[in-house]
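A.B. asks:
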Amino acid sequence: MIRLRVADGTLNELVPREDPEWDPNTARGHQALKEYQELLIEGVRTGIPKTVNWSKLYSVKQEKNESPSAFLERLKETARRYTSLEVEGEAGRLQLALIFMGQSQEDIRKKLQKLEGEDTRNLEKLLEVAWKVYNNREKESVRKQQASMLAVLQQAVGRGQNYFEGGRVKLEIPEENIGKMFIIKEVEPQPITEEIEQAVVPWVWETGTPGKSKAAQPVVVELKEGKEPVRLKQYAIKPEVRREVAPIIDQYLNLGILQECESEYNTPIFPVKKPNGKYRLVQDLRAINEITKDIHPVVANPYTLLTSVSEKFEWFTVIDLKDAFFCIPLALGSRKYFAFEWENPDTGRKRQLTWSRLPQGFKNSPTIFGNQLARELEEWKTTQVTVPSMFYVVLQYVDDIFLAATERDICSQLTISLLNMLGQGGYRVSRDKAQLVRTEVVYLGCEISKGVRKLGTNRIAAICAIPVPRNHQELDPFLECRIPQVGPREEGELVHDCVEIIEQVYASREDLKDAPIDSPDWELFTDGSSFVENGTRYAGYAVVTTLQVIEAKALPPGTSAQKAEIRALTRALELSKGKRVNVWTDSKYAFGVVHVHGALWKERGLLTSQGSTIKHRDEILLLLEAVREPEAVAVMHVPGHRKEDGKIYQGNRLADKTAKRVAKEIKIQSALIPAKGNPADSYMKDEPPYLPDDVKLAHLVKAQKNDKRWYVTATGQVVVPAKIMRAILETEHYKCHWGAEALVNF
1 MIRLRVADGT LNELVPREDP EWDPNTARGH QALKEYQELL IEGVRTGIPK
51 TVNWSKLYSV KQEKNESPSA FLERLKETAR RYTSLEVEGE AGRLQLALIF
101 MGQSQEDIRK KLQKLEGEDT RNLEKLLEVA WKVYNNREKE SVRKQQASML
151 AVLQQAVGRG QNYFEGGRVK LEIPEENIGK MFIIKEVEPQ PITEEIEQAV
201 VPWVWETGTP GKSKAAQPVV VELKEGKEPV RLKQYAIKPE VRREVAPIID
251 QYLNLGILQE CESEYNTPIF PVKKPNGKYR LVQDLRAINE ITKDIHPVVA
301 NPYTLLTSVS EKFEWFTVID LKDAFFCIPL ALGSRKYFAF EWENPDTGRK
351 RQLTWSRLPQ GFKNSPTIFG NQLARELEEW KTTQVTVPSM FYVVLQYVDD
401 IFLAATERDI CSQLTISLLN MLGQGGYRVS RDKAQLVRTE VVYLGCEISK
451 GVRKLGTNRI AAICAIPVPR NHQELDPFLE CRIPQVGPRE EGELVHDCVE
501 IIEQVYASRE DLKDAPIDSP DWELFTDGSS FVENGTRYAG YAVVTTLQVI
551 EAKALPPGTS AQKAEIRALT RALELSKGKR VNVWTDSKYA FGVVHVHGAL
601 WKERGLLTSQ GSTIKHRDEI LLLLEAVREP EAVAVMHVPG HRKEDGKIYQ
651 GNRLADKTAK RVAKEIKIQS ALIPAKGNPA DSYMKDEPPY LPDDVKLAHL
701 VKAQKNDKRW YVTATGQVVV PAKIMRAILE TEHYKCHWGA EALVNF
């Protein structure tokens with residue numbers, strides 16, 4: 001039987017058996033055809049027997065990102081198609097309420113199951129609660145993400161401290177540990193090659209038992225004068241969390257890293273849940289850090305550390321030490337400072353425990369460990385490494401070691417030697433984080449390959465994911481702009497002097513002055529000259545006093561004026577080693593480099609804002625080293641080419657005149673092609689002046705000394721000392737100004 005939903009008209013009028021000749025172009029005909037279609041569809045729906053399948057309804061589950069309303073509509077549609085349930089009736093709505101509650105997403109289901117009484121049978125109430133949970137998901141996701149990031153940051157840095165201040169969480173990270181934030185796991189662990197696995201001592205790899213340095217002496221911790229013992233109550237720890245931490249405590253006790261004690265000192269511990277669900281034991285040592293003496297941090301600057309990696313290096317190794325601080329023992333008298341209270345979750349017994357090794361969270365731990373490892377690395381390079389230093393470089397940032405080499409064999413040889421040294425020294429290396437003998441590695445958050453140093457992909461993605469500010473209200477917090485809190489004038493000791501801090505940070509030397517110092521040992525004037533005459537650019541520099549020339553030399557033709565000025569100032573500082581000196585230069589460029597730009601460029605890795613290397617990079621580095629040679633130094637700028645009287649202008653004129661004179665002392669050979677011959681012949685008569693690096697190179701290429709004391713390879717090639725090679729190259733270069741490639745081919 002057909003259920004008519006259109007009341008007007010008889011059955012024959014609505015569903016005629018003969019052609020009614022309805023005109024669809026008229027309103028009446030169009031309406032009649034529309035009602036006819038609806039009646040046919042209703043007839044098909046009610047005329048065909050419905051297949052009842054309740055399992056279809058109970059298989060409908062809410063998708064993770066599906067809204068509660070969409071899920072409810074899907075339930076109703078399934079009920080209409082596969083069941084006899086009247087979804088709009090009272091019984092149907094009650095049945096749907098139970099199904100909706102049981103088949104929602106877990107977070108919504110838990111909230112709905114907490115409802116009581118009539119609310120559990122009210123479909124509208126269930127839908128309202130479900131929508132609240134659904135809308136709060138984003139906030140909850142952000143909160144969990146922030147908590148996860150904080151846990152990861154604490155795990156990576158290990159020395160940061162977080163606490164509440166003004167209702168907000170504040171995280172403090174020591175400046176010397178800031179580079180740990182750059183260490184991001186962006187490279188998938190790769191198996192150690194068979195070559196390295198067989199060549200290194202097996203106990204170098206982490207086994208769950210921290211290592212212990214054989215060379216490190218027990219560390220003595222000194223307190224500031226007049227400080228009283230610190231006694232802080234232990235935070236309340238949930239029993240279930242205490243049970244999770246108990247195995248860690250027991251393991252450290254069995255290994256002797258933790259010891260039972262009785263101490264007048266006590267600081268709290270608080271377990272931190274890591275992203276993998278396990279807990280990390282963290283001790284709040286801020287109070288101890290306040291009363292212990294500071295050690296000047298000599299940890300490398302992560303921003304400038306990688307500037308020493310030359311483009312010639314092609315193969316790299318990165319080694320991460322496991323539980324590094326636990327490798328350094330604490331002196332018996334210093335262990336009491338790090339005591340904490342521990343309650344056994346099974347027996348309920350309370351006792352004090354303390355560390356026998358250098359603890360994490362102690363402010364001096366990174367510096368102490370870094371110094372110890374640096375000493376052992378230095379000894380390894382001088383006693384065990386036979387490869388010349390020009391073929392490799394080793395960098396260290398706290399417990400992360402970076403090795404770069406020019407060839408794969410050298411990198412592999414040094415990696416094996418380094419791993420064996422670490423293993424025999426008592427350290428343990430993380431197998432998962434090891435990046436051994438690769439052409440591309442990740443170190444301090446940077447992807448490093450031959451001639452390339454860039455941010456890691458994870459860091460780039462994180463930066464790109466930052467929403468673009470659309471107005472000044474969003475731009476201010478993005479730039480961390482804050483309204484200055486100008487209060488009333490305060491009297492007392494000046495804690496922070498901005499001018500003093502700027503001078504310390506941006507000057508190439510902390511005590512560098514731009515005004516003459518009193519009672520100098522001597523006063524020098526420098527000038528660099530570069531000019532073109534008859535198509536040739538001559539260059540030279542001079543270092544003088546007001547009466548005599550201290551040093552004046554010509555520079556290679558083609559040297560720029562800026563480079564000559566930098567060279568002149570560098571030599572003046574080198575000649576003043578151990579003295580008190582005033583230096584005047586008429587170059588604003590050289591004056592700016594030594595006072596401001598040089599240290600700033602070095603801080604930025606000697607790169608321009610476009611990422612390219614700055615001009616005169618090597619000369620600027622030499623200048624920044626030379627400025628530390630004098631006992632006390634002041635560098636002043638004097639206007640050049642002035643005719644005024646006075647010793648300052650007199651000395652500047654003498655330096656300018658001398659630099660121009662010596663610039664033309666180099667004789668330039670006019671021939672474009674030098675005569676063939678062995679340029680080393682004139683040096684072969686004397687005994688060669690081999691340096692230690694030259695001897696290492698000779699051993700590397702398996703050269704033997706002949707009867708004249710020269711190292712010669714099996715193919716007859718002579719190992720030329722670096723000093724002689726430099727003189728030869730300069731001589732050949734001055735003949736026709738060939739570049740490096742042309743000199744090699746010649």
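In full-length UniProt numbering, the protein residues as written are 1 to 746. The beta-carbon is built from N, C-alpha and C at its ideal position, and this holds for glycine as well. Remember, predicted model here, so these are calculated numbers, not experimental data.
(1) With a cut-off of 8 Å, does the C-beta of Glu-343 fall near any C-beta of chain B?
(2) Residues in its own chain within less than 6 Å of Thr-193 by CB, not counting five upstream and five downstream?
(3) What does a CB cutoff of less than 8 Å around Arg-509 pick up in its chain, not counting 5 residues either side in sequence?
(4) Name, in chain order, the residues that DSSP records as bridge partners for Ala-632.
(5) Would Thr-415 and Leu-436 be called neighbours here (beta carbons separated by less than 8 Å)?
(6) Assign Arg-349 to one of three DSSP states: helix, strand, or coil.
(7) Suppose you measure from the CA of Gln-155 to the CA of Lys-563; what does that come to, to the nearest Å?
(8) Beta-carbon within less than 8 Å of Ala-659's beta-carbon, same chain only, minus the 5 sequence neighbours each way: which residues are those?
(9) List the residues that DSSP assigns as beta-bridge partners of residue 748.
(10) Thinking C-alpha only, which one of Ser-576, Asn-65, Gln-103 is nearest Leu-57?
(11) With distances taken Cα to Cα, identify the nearest neighbour of Gln-259 among Glu-90, Leu-126, Ala-331.
(12) Under a three-way DSSP split, which group does Arg-17 fall into?
(13) Whole angstroms are fine: how far does the CA of Glu-244 sit from the CA of Glu-264?
(14) What's the call for Ile-463, buried or exposed, on a 16-neighbour Cβ count within 10 Å?
(15) So, helix, strand or coil for Asp-527, using DSSP?
(16) Identify the continuous beta strand (DSSP E) that holds Arg-438 and give its terminal residues.
(17) If you reduce the DSSP assignment to three classes, tell me which class Gln-259 lands in.
(18) When you compare each of Leu-403, Pro-247, Leu-547 to Ile-319 by their alpha carbons, which one comes out closest?
(19) What is the residue span of the alpha helix (DSSP H) that Ile-460 lies within?
(20) Leaving out five residues before and five after Lys-702 in sequence, what residues of the same chain have Cβ atoms less than 8 Å from its Cβ?
(21) Sort out for me which residues DSSP pairs Tyr-443 with in a bridge.
(22) DSSP three-state call for Lys-170: helix, strand or coil?
(23) Could you give the distance in angstroms between the alpha-carbon of Ala-554 and the alpha-carbon of His-641?
(24) Once the 5 residues before and after Phe-325 are set aside, which same chain residues still bring their CB inside 6 Å of it?
(25) Among the candidates Gly-211, Ile-108, Val-282, Thr-292, whose CA atom is the shortest distance from the CA of Leu-255?
(26) If you drop the 5 nearest sequence neighbours on each side, which residues of the same chain put their C-beta closer than 7 Å to that of Glu-341?
(27) Rounded C-beta distance between Asp-284 and Pro-268? I'm assuming under 8 Å.
(28) What are the start and end residues of each continuous alpha helix (DSSP H) run of 4 or more residues lying completely inside the stretch 70–128, in chain order?
(29) In the DSSP output, what is Val-282 paired with across the bridge?
(30) How many angstroms separate the CA atom of Tyr-82 from the CA atom of Leu-33?
(31) Determine the burial state of Asn-344: buried for a count of at least 16 other Cβ atoms within 10 Å of its Cβ, exposed for fewer.
(32) Go through its chain and collect everything with a Cβ distance to Trp-131's Cβ below 6 Å, but skip five positions before and after it.
(33) Name the residue from Val-596, Lys-278, Glu-118 whose alpha carbon lies nearest to the alpha carbon of Glu-240.
(34) If we ignore side chains and look at the alpha-carbon of each, how far apart do Val-594 and Leu-623 end up?
(35) State the Cα-Cα distance for the pair Ile-257 and Gln-251, rounded to the nearest angstrom.
C.D. replies: In this structure, then:
(1) This model lacks chain B altogether; it includes just one protein chain.
(2) For this step, residue 193 is matched to residue 193 along the sequence shown. Closer than 6 Å at Cβ, skipping near neighbours: no residue.
(3) If you number the sequence shown from 1, residue 509 lands on position 509. Excluding sequence positions up to five before and after Arg-509, its CB lies within less than 8 Å of the CB of Val-627, Arg-628, Val-633, all in the same chain and listed in chain order.
(4) Indexing the sequence shown from 1 puts residue 632 at position 632. Paired residues: Arg-580.
(5) Counting from one through the sequence shown, the residue named residue 415 turns up at place 415. Counting from one through the sequence shown, the residue named residue 436 turns up at place 436. Closer than 8 Å, so yes.
(6) Numbered from 1 along the sequence shown, position 349 holds the residue referred to as residue 349. If DSSP states are grouped into helix, strand and coil, Arg-349 belongs with coil.
(7) For the purposes of this step, residue 155 is taken as residue 155 along the sequence shown, with counting starting at 1. For the purposes of this step, residue 563 is taken as residue 563 along the sequence shown, with counting starting at 1. With a pLDDT of 45 at Gln-155, under the threshold of 50, the modelled position of that residue is not reliable, and no figure is offered here.
(8) Locating residue 659 in the sequence shown gives position 659, where the first residue counts as 1. Within the same chain, Ala-659 has close Cβ partners Asp-527, Gly-528, Ser-529, Gly-540, Tyr-541, Ala-542, Ala-552, Ala-564, Ala-568.
(9) This structure cannot speak to residue 748, because the chain is shown only from 1 to 746.
(10) As a first step, residue 57 is located in the sequence shown; it is residue number 57 there, counting from the start. Looking only at Ser-576, Asn-65, Gln-103, the smallest Cα-Cα distance to Leu-57 is reached by Gln-103.
(11) Taking the sequence shown and counting its residues from 1, the one referred to as residue 259 is at position 259. Comparing Cα positions, the closest option is Ala-331.
(12) Translated into the one-based positions of the sequence shown, residue 17 becomes position 17. DSSP places Arg-17 in coil when its eight states are reduced to three.
(13) Within the sequence shown, residue 264 is the residue found at index 264, counting from 1. Within the sequence shown, residue 244 is the residue found at index 244, counting from 1. Each residue's Cα considered, the two are about 28 Å apart.
(14) Taking the sequence shown and counting its residues from 1, the one referred to as residue 463 is at position 463. Using a 10 angstroms sphere on the CB of Ile-463, the tally of other CB atoms stays under 16, which defines it as exposed.
(15) Locating residue 527 in the sequence shown gives position 527, counting from the first residue. In the three-state reduction of the DSSP assignment, Asp-527 falls in the strand class.
(16) The count along the sequence shown starts at 1 and reaches residue 438 at position 438. For Arg-438, the enclosing beta strand (DSSP E) has its first and last residue at 435–438.
(17) Counted from its first residue, the sequence shown places residue 259 at position 259. Of the three classes helix, strand and coil, the one that applies to Gln-259 here is strand, per DSSP.
(18) Sequence index remark: in the sequence shown, residue 319 carries index 319 (1-based). Out of Leu-403, Pro-247, Leu-547, Leu-403 has the C-alpha closest to the C-alpha of Ile-319.
(19) Position 460 of the sequence shown, counted from the first residue, corresponds to residue 460. Here the alpha helix (DSSP H) through Ile-460 covers 457–464.
(20) Walking along the sequence shown from the start, residue 702 turns up at place 702. Hits under 8 Å: Thr-713, Ala-714.
(21) The residue given as residue 443 occupies position 443 in the sequence shown. For Tyr-443, which the question treats as bridged, DSSP gives the partners Cys-446.
(22) Here residue 170 refers to the residue found at position 170 of the sequence shown. Note on Lys-170: pLDDT 49, under 50, position unreliable in the model; the coordinate value appears next. Looking at Lys-170 - three-state DSSP - the assignment turns out to be strand.
(23) Taking the sequence shown and counting its residues from 1, one reaches residue 554 at position 554. Taking the sequence shown and counting its residues from 1, one reaches residue 641 at position 641. Distance between Ala-554 and His-641, taken at the CA atoms: about 21 Å.
(24) For this step, residue 325 is matched to residue 325 along the sequence shown. So the list reads Leu-358, Gln-360, Ser-365, Phe-369, once near-sequence residues are dropped.
(25) Taking the first residue of the sequence shown as position 1, residue 255 is located at position 255. When each option's Cα is compared against that of Leu-255, the closest is Gly-211.
(26) As a working mapping, residue 341 is identified with position 341 in the sequence shown. Answer for Glu-341: Gln-234, Asn-266, Lys-350, Gln-352, listed in chain order.
(27) The residue you call residue 284 lines up with position 284 of the sequence shown. The residue you call residue 268 lines up with position 268 of the sequence shown. About 5 Å separates the beta carbon of Asp-284 from that of Pro-268, a gap short enough to meet the 8 Å contact definition.
(28) Listed in chain order, the complete alpha helix (DSSP H) runs (minimum 4 residues) inside the stretch 70–128 are 90–102, 106–112.
(29) For the purposes of this step, residue 282 is taken as the residue at position 282 of the sequence shown. Note: Val-282 sits in a beta bridge opposite Phe-270.
(30) Taking the sequence shown and counting its residues from 1, the one referred to as residue 82 is at position 82. Taking the sequence shown and counting its residues from 1, the one referred to as residue 33 is at position 33. One C-alpha to the other measures close to 30 Å.
(31) As a working mapping, residue 344 is identified with position 344 in the sequence shown. Of the other Cβ atoms in all chains shown, fewer than 16 fall within 10 Å of the Cβ of Asn-344; this residue is therefore exposed.
(32) If you number the sequence shown from 1, residue 131 lands on position 131. In the same chain as Trp-131, and ignoring 5 residues on each side of it, the C-beta atoms closer than 6 Å to its own belong to Pro-68, in chain order.
(33) As a working mapping, residue 240 is identified with position 240 in the sequence shown. Of the candidates Val-596, Lys-278, Glu-118, the one whose C-alpha sits nearest the C-alpha of Glu-240 is Lys-278.
(34) For this step, residue 594 is matched to residue 594 along the sequence shown. For this step, residue 623 is matched to residue 623 along the sequence shown. Rounded to the nearest whole angstrom, the C-alpha separation of Val-594 and Leu-623 is 7 Å.
(35) For the purposes of this step, residue 257 is taken as the residue at position 257 of the sequence shown. For the purposes of this step, residue 251 is taken as the residue at position 251 of the sequence shown. Near 9 Å, if we compare the C-alpha coordinates of Gln-251 and Ile-257.
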